[in-house]
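Asker:
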Amino acid sequence: MDEQKLKSVPVLPWMRSPVDVSLFEECPLDILPCIDTRLIVALKNMGMSSLFPVQVAVWQETIGPGAFERDLCINSPTGSGKTLAYALPIVQMLSTRAVKCLRALVVLPTRDLAFQVKAVFDAIAPAVGLSVGLAVGQSSIADEISELIKRPKIEAGICYDPEDIMLELESSVDILVATPGRLIDHINTTKGFTLEHLCYLVVDETDRLLREAYQSWLPTVLQLTRSTDEDVYPYASHFLPSTFNSLRTIRRFGVERGFKGKRFPRLVKMVLSATLTQDPSKLAQLDLHHPLFLTTGKRRYQLPEKLESYKLLRMDEQKLKVLPWMRSPVDVSLFEECPLDILPCIDTRLIVALKNMGMSSLFPVQVAVWQETIGPGAFERDLCINSPTGSGKTLAYALPIVQMLSTRAVKCLRALVVLPTRDLAFQVKAVFDAIAPAVGLSVGLAVGQSSIADEISELIKRPKIEAGICYDPEDIMLELESSVDILVATPGRLIDHINTTKGFTLEHLCYLVVDETDRLLREAYQSWLPTVLQLTRSTDEDVYPYASHFLPSTFNSLRTIRRFGVERGFKGKRFPRLVKMVLSATLTQDPSKLAQLDLHHPLFLTTGKRRYQLPEKLESYKLICESRLKPLYLVALLQNLGGEKCIVFTSSVEATHRLCTLLNFFADLQIKIKEFSGLQRQSIISSQGKGEKVYMIAANKDKNAGNTMKQFREGEIQVLVSSDAMTRGMDVEGVRNVINYDMPPYIKTFIHRAGRTARAGHTGRCFTLLHQDEVRRFKKLLQKADDKTCPVYPIPSNSIESLHPIYASVLEKLKETVELETSRKRKIGFRSSKSRKGNETNHSKE
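Under my numbering, think of the first position of the sequence shown as 1, with each following residue one higher.
Next comes the structure, spelled out in structure tokens:
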């Protein structure tokens, strides 16, 4: 009985009684109620004669007397028609609008999906006079702005006030299809772009968009579309606060212009996926209003109805999964540390720089990579490095690259390091900055959420312009040169520079490093890799004239020489091929993913025979407790650890914030605790301007997170509560303990979380809090890393009992704090949207 109760807890009440879409039948267009005849014509032009069951179910819930009374969560198989299921009702509802402004926003994780969804809207929206816009990465933001924002006509000979022009900026679209990153760019920088009229928010591929990498966009959108409107629902907060919570989304008082006298509706949300998450902590981020769950059948995961599945069995199936070159790896654990003074071929200036970093020898993985990259056979093969976190992988590739480039005579971009997040990029750049200047090399940084103009000025060297001389713009363009030898970049900003920055080129590139490879090869990041490989590939028959006849596959990636003849800046040497180095603590072995890298005769370096490796000096422990008592066990554990540096990991951003708030209410806990998560990046600030207080979202999103990390590194903070934003690559010296407050769902997540401690040969401990139902699953998870020793960490029962008297009051304080924060954010969001139009010019000046 208890087991059944525990299993039912994770499912929210409204998900237990879903609407079964499979009970609906297809409905011919001619008998579909309330549909605009113009839309029927448009649908028939698409070759449709009826709506599919999921489309009929959504239409029934959204069109008619009870139109959009509830937010919708739709879990339906791929290919069932989900896109048109939300597009058609939205277009139908907006067909009565009189004034054009942005009323519907559809957010998707990738640009390819965005193009696909826009095509569906383009097929039906123009029929009723609506226009659809697109905002995606890797495209010109200036072109997008011209399409999204309508500027007033400027007549010659008339002097205009810039503030008057700003006030007359209007939206050119009714519906916007966007990816998260570009949406945030427009919110932060595009003049006249506003969400104050937004009526419909669609979150397509919800489970993917709620991941850590995408989470920052959602709090921003909800913040800008939330306010307190007591005039519309004056008694809602007194009687039904939870039910009416998200009804308070009316952005201004009075009658909504453009809807012919109707009241401005609340913000309606529709979330969709073929594998919709049931995690309450993730769904809570969406702030859903009285949600209705639509699904196909009783199973959470549904395959298309007419799909036929087959399985091919082979005797050697297991062998085929591993590429031949991965079956005979170089075992890094067989190498020993090597003192710097006897390291062969190293520049003496680099030895001095390394000693200034406090190093006297190289770690095994660094010695192994050095041996393969420096000397007579330098960089003859591409390298794939699978080594535990904290083993020194960053310096393993940074040192050989700096050594090889130390002989260059002319400055141009020769090494590119790509990482998935800006925090990792800053960390890797710091390593290069410690050694590269010693040999006269300069290092650049290109990451999102920073000024691209400032980056361009640092990356590109412009010719000196003398006064009184007339220059040809084309001549100036030809003289643009790189100011850096090495560039550390995130994928999105790298593509921005490739597409828009004049003088930015990869034609001299010699080294490409793909750090955290498994994450960078995911769908969201894939577009950068083909672009880079395309720009660094050419056919050079003069260099390898017979390669294609005898060894086409082996020599395929040797054809990366971008121009013929002798390479300038390398003292008469032939221009080398593009060398690739890929690294991760959990390197993928999927042949289809590795094939994207176009590796040349790759060499696989790994630690031992296991794919997943934990740090050598890591001790793992588990704590088994009831779910409701987890906070008490965590507090007792922190007391036992006595103020040692700890990182506590949770499963989501919202859980991180709540847990950190709760821990700070325990007065007996004499340690300083702060959070590090996506919520910090959405800080709300107030500034004084012209006699009134102006509230706005801070432009520097990472300021709070950066300050927190600095305080943690310097020891001012003892405990950092974090979401999985910090799991990969982040290196903080002196972290003795990692605590998994929420059990990691995958072995990869566990490896990266645990890898924040026991780094660089130091000892460390990893604690995981579990309830009884998770013990067996956790044991199987550890077996994948060959970690069979995970004893129970003893917590004295009297330590837990001593915390019980204050636990109830702490929970009550947490509830009050969360409610206060919610109401404060609504109030600030309302003031922000109200004063945004009139003060937009002043903000830009400040």
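From the three backbone atoms N, C-alpha and C, an ideal C-beta is built for every residue, glycine too.
All figures in this text were calculated on a predicted structure; none of them were measured in a lab.
When the distance is taken between beta carbons, is ALA398 closer than 7 Å to ILE365?
Answerer: At residue 365 the sequence reads Val, which differs from the Ile that was named. Not a contact, by the Cβ cut-off of 7 Å.
Asker: Alpha carbon to alpha carbon, how far is LEU195 from LEU222? Give it in angstroms, no decimals.
Answerer: So the two alpha carbons sit approximately 10 Å from each other.
Asker: In the DSSP output, what is VAL514 paired with across the bridge?
Answerer: VAL514 is bridged to VAL418, VAL582.
Asker: How do the region 611-618 and the region 709-729 stand: do at least 3 beta-carbon pairs fall below 8 Å, yes or no?
Answerer: The region 611-618, when compared against the region 709-729, does not touch it at the 8 Å Cβ threshold.
Asker: Tell me which residues share the same chain as SER50 and place their Cβ nearer than 7 Å to its Cβ, disregarding the 5 neighbours each side in the sequence.
Answerer: GLU26, CYS27, PRO28, LEU29.
Asker: Just tell me which of SER387, ARG182, ILE35 has its CA closest to the CA of VAL883.
Answerer: As displayed, the chain neither begins before 1 nor continues past 846, which places residue 883 out of reach and without an answer.
Asker: Unbroken alpha helix (DSSP H) runs of length 4 or more, entirely within the region 747-780: which are they?
Answerer: List check, alpha helix (DSSP H) in window: 747-754.
Asker: Return helix, strand or coil for PHE604, following the three-state DSSP convention.
Answerer: The answer is strand: DSSP assigns PHE604 an E or B state.
Asker: For LEU623, which of helix, strand or coil comes out of DSSP?
Answerer: Correct three-state label for LEU623: strand.
Asker: Using 8 Å as the threshold, is the region 323-335 in touch with the region 354-370, meaning 3 or more CB pairs across them?
Answerer: Short answer: they touch.
Asker: According to DSSP, is SER387 helix, strand or coil?
Answerer: SER387: coil per DSSP, three-state reduction.
Asker: Determine which residues share a DSSP beta bridge with MET270 and list them.
Answerer: Its beta-bridge partners are LEU72, VAL202.
Asker: Below 8 Å on the Cβ atoms is my contact criterion, and I expect ALA446 with LEU487 to pass it. Report the Cβ-Cβ distance as a whole number of Å.
Answerer: Right, the Cβ-Cβ distance comes to about 6 Å (below 8 Å), so this counts as a contact.
Asker: Cα-Cα, which of SER95, ASP207, SER451 is closest to ILE175?
Answerer: With distances taken between Cα atoms, ILE175 lies closest to SER95.
Asker: Under DSSP, the alpha helix (DSSP H) around LEU506 begins and ends at which residues?
Answerer: Neither: LEU506 is in no alpha helix (DSSP H) and is coded neither H nor E.
Asker: If you drop the 5 nearest sequence neighbours on each side, which residues of the same chain put their C-beta closer than 6 Å to that of VAL11?
Answerer: Contacts found: GLN278.
Asker: With DSSP as the reference, label ILE806 as helix, strand or coil.
Answerer: It is helical.
Asker: Less than 7 Å between the C-beta atoms of CYS345 and PHE604, yes or no?
Answerer: No, these two residues do not count as a Cβ contact at 7 Å.
Asker: For MET359, which residues from the same chain have a beta carbon less than 6 Å from its beta carbon, with the 5 sequence-adjacent residues on both sides left out?
Answerer: Cβ within range, chain order: n/a, list empty.
Asker: Out of VAL418, GLU733, ARG422, ALA436, state which residue places its alpha-carbon closest to the alpha-carbon of ILE401.
Answerer: Comparing Cα positions, the closest option is ALA436.
Asker: Cutting at 6 Å between CB atoms, please list the residues of its own chain near ILE90, excluding the five before and the five after it.
Answerer: Closer than 6 Å at the Cβ level, and outside the excluded window around ILE90, lie ALA104, TYR200.
Asker: For VAL268, which residues from the same chain have a beta carbon less than 6 Å from its beta carbon, with the 5 sequence-adjacent residues on both sides left out?
Answerer: The residues are PHE68, TYR200.
Asker: Is the separation between the beta-carbon of PRO602 and that of TRP370 shorter than 7 Å?
Answerer: No, Cβ-Cβ distance for PRO602 and TRP370 is not below 7 Å.
Asker: Verify whether the separation of the beta carbon atoms of LEU662 and LEU814 is less than 7 Å.
Answerer: Their beta carbons are under 7 Å apart, which means LEU662 touches LEU814 by this criterion.
Asker: Hey, quick one: how far does the alpha helix (DSSP H) through THR500 stretch, first residue to last?
Answerer: Where THR500 is concerned, the enclosing alpha helix (DSSP H) stretches over 491-500.
Asker: Going by DSSP, what residue range makes up the beta strand (DSSP E) through THR727?
Answerer: It is not in any beta strand (DSSP E) - THR727 carries neither H nor E in the DSSP assignment.
Asker: What are the boundary residues of the alpha helix (DSSP H) that THR531 is part of?
Answerer: Residues 528-535.
Asker: Can you tell me whether DSSP reads GLU675 as helix, strand or coil?
Answerer: GLU675: strand per DSSP, three-state reduction.
Asker: In whole angstroms, what is the alpha-carbon distance linking HIS289 and LEU72?
Answerer: Distance between the alpha carbons of HIS289 and LEU72 is about 9 Å.
Asker: Pull up the distance between the alpha-carbon of ARG16 and that of VAL128, whole angstroms please.
Answerer: Their backbone Cα atoms lie some 38 Å apart in a straight line.
Asker: Taking the alpha-carbon of THR708 as reference, which of TYR741, ARG736, LYS672 has the nearest alpha-carbon?
Answerer: THR708 has its Cα closest to that of LYS672, out of TYR741, ARG736, LYS672.
Asker: Out of curiosity, what's the CA-to-CA distance linking SER584 and LEU459?
Answerer: Those two C-alpha atoms are separated by around 28 Å.
Asker: Measure the C-alpha to C-alpha separation of PRO18 and SER482 and round it to an integer number of angstroms.
Answerer: Cα to Cα, PRO18 sits roughly 58 Å from SER482.
Asker: Ends of the alpha helix (DSSP H) at PHE121?
Answerer: Counting along the chain, the alpha helix (DSSP H) containing PHE121 begins and ends at 111-124.
Asker: Expressed to the nearest angstrom, what Euclidean distance is found between the alpha-carbon atoms of PHE649 and ARG753?
Answerer: Going by the C-alpha atoms only, they are around 8 Å apart.
Asker: Do LEU413 and HIS508 count as a contact pair if the criterion is CB distance below 7 Å?
Answerer: Yes, the pair counts as a contact, with Cβ atoms nearer than the cut-off.
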